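A.B. asks: Using our numbering, read the sequence shown as starting at 263 and increasing by one per residue. Don't be surprised by glycine CBs; every beta carbon is placed ideally from N, CA and C. Every value quoted in this text rests on a predicted model; they were computed, and no experiment measured them. I am attaching a structure below and will ask some questions about it afterwards.
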Amino acid sequence: MLTILLISALIGCLAGFLAGLLGIGGGLVIVPVLVVLLPALGVVSADDVMVVAVATSLASIIITSGSSIRAHHKRSNVSWSLAGSVMLGAGIGAGIIGLVAHHINGTTLRIIFGVAVFLLALRMLGSRSVIGRAPLPAKPVLAAIAAVLGAISGLLGIGGGALVVPVLNYFSVDMRRAIGCAAASGIAIAVLGTLGYVIAGWQHYQLTDGFIGYIYLPALTGIVSTSVFTATFGAAMTQRWPVLMIKRIFGVFLMLVALRMVFS
C-alpha cells in the first residue's frame, strides 16, 4: 500500500504539471504507469488493469483539472462561451462510454490509445503555425465534435486535452485559450466518465479491497496529493513559454506515450 501511495504521488507531480501546462488532465502519464504498476504489485490482473487504470486516471482528473482551471481562469485563458459547448458535448460522450468500456478488450484498448495519440503527435509536430486557419464551427456542431472527443477520452482515461487542444487549435483558437478550454472540458469528461466507471465496476470490485467501482483509491489518493499543486505551476509556465515551443513539447510527449502503449 505504501509503495503504491509513494509511486502514485510521484506520478501526480508530473501529471499535474503537464495538466497545467498542456491542458491534458494528466491521464497520458497516469494510465501507462498504472498499467505497469498495478499488475506488478498484484492489485489487479493484466486482463482488468486497463479499465482500472483508465477509471482511476479519470477520477484523479476531477481534482487536477479543477486546480488547472482556476490557474488558467486567473490568466484569462478560459473562454467560457466556447468552453460551455465543448464541456456539454464532451461530458455526454464520456458518460456513455464509461458505462460500456469494460466490454472492450484491454489489448484492443491499449492499441486504440496508442494509435490515436500517435496521430495527434504527428499533427502537433508537423504544425509550423501558432494557430490554425479553419473557421470555428457553430456551437451545436462543436458540441457534437466534442462528444466524439469526450467518448474517446473517456475510453482512454485522459482529460481530453490531448484531443481537444489540437482540434481547437486547428479551428483558429489560440493555443493558450485552447489549453484553458481543454482543462475545463476535462472536468466534464472526468466527472461523467468516472460515474460510468463506478456504476459499471460496482459488482466487480469491493470497497474493502480499496476500490469504488473500477477506481483504485490508494493510487487515486497518491496522485491527487501532489497533482493539485504542480498543476498551478504548469499553468504559470504556459504564460511564459513560446506557443510553438509548447506545441513541440506536446507533440514529443504524445509520441513517447503512444509508442510505449502500442509496444507494451
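Measure the C-alpha to C-alpha separation of Ala-444 and Arg-510 and round it to an integer number of angstroms.
C.D. replies: The straight-line gap from Cα to Cα measures roughly 17 Å.
A.B. asks: Sort out for me which residues DSSP pairs Tyr-478 with in a bridge.
C.D. replies: Tyr-478 is bridged to Phe-473.
A.B. asks: Would you mind reading off the limits of the alpha helix (DSSP H) that contains Phe-279?
C.D. replies: Unbroken alpha helix (DSSP H) run through Phe-279: 264–284.
A.B. asks: Hey, out of Ala-277, Leu-387, Val-435 and Gln-501, whose CA is closest to Pro-397's CA?
C.D. replies: Nearest of Ala-277, Leu-387, Val-435 and Gln-501 to Pro-397, Cα basis: Val-435.
A.B. asks: Mark Asn-431 as exposed unless 16 or more other C-beta atoms lie within 10 angstroms of its C-beta, in which case mark it buried.
C.D. replies: Buried, because 16 or more other Cβ atoms sit within 10 Å of the Cβ of Asn-431.
A.B. asks: Start and end of the alpha helix (DSSP H) containing Leu-457?
C.D. replies: Unbroken alpha helix (DSSP H) run through Leu-457: 437–463.
A.B. asks: Taking the alpha-carbon positions, what's the Thr-456 to Ser-327 distance?
C.D. replies: Roughly 14 Å separates the two Cα atoms.
A.B. asks: To the nearest angstrom, how far is it from the Cα of Trp-503 to the Cα of Gln-468?
C.D. replies: Distance between the alpha carbons of Trp-503 and Gln-468 is about 45 Å.
A.B. asks: Between the beta-carbon of Leu-418 and the beta-carbon of Phe-375, is there less than 8 Å?
C.D. replies: Cβ atoms of Leu-418 and Phe-375: closer than 8 Å.
A.B. asks: Using the rule of at least 16 other Cβ atoms within 10 Å of the residue's Cβ for burial, across every protein chain shown, is Phe-512 buried or exposed?
C.D. replies: The residue in question, Phe-512, is buried, as its Cβ has 16 or more Cβ neighbours within 10 Å.
A.B. asks: Mapping the DSSP letters down to three states, classify Pro-468 as helix, strand or coil.
C.D. replies: Looking at the sequence provided, one finds Gln at residue 468 rather than Pro. Residue state, collapsed to three classes: coil.
A.B. asks: Would Gly-475 and Gly-484 be called neighbours here (beta carbons separated by less than 8 Å)?
C.D. replies: Not closer than 8 Å, so no.
A.B. asks: Out of Ser-270, Gly-274, Thr-265 and Leu-264, which one is the CA nearest neighbour of Ser-489?
C.D. replies: Selected option, being the one with the closest Cα: Gly-274.
A.B. asks: Leaving out the 5 sequence neighbours to the left and right, which residues in its chain are closer than 7 Å to Ile-324 when beta-carbon positions are compared?
C.D. replies: Result list for Ile-324: Ile-449, Ala-452, Val-453 and Thr-456, in chain order.
A.B. asks: In chain order, what residues of the same chain have a beta carbon less than 6 Å from the beta carbon of Ala-245, not counting five sequence neighbours either side?
C.D. replies: For the chain, the structure presents residues 263 to 526; residue 245 sits outside this window and is missing.
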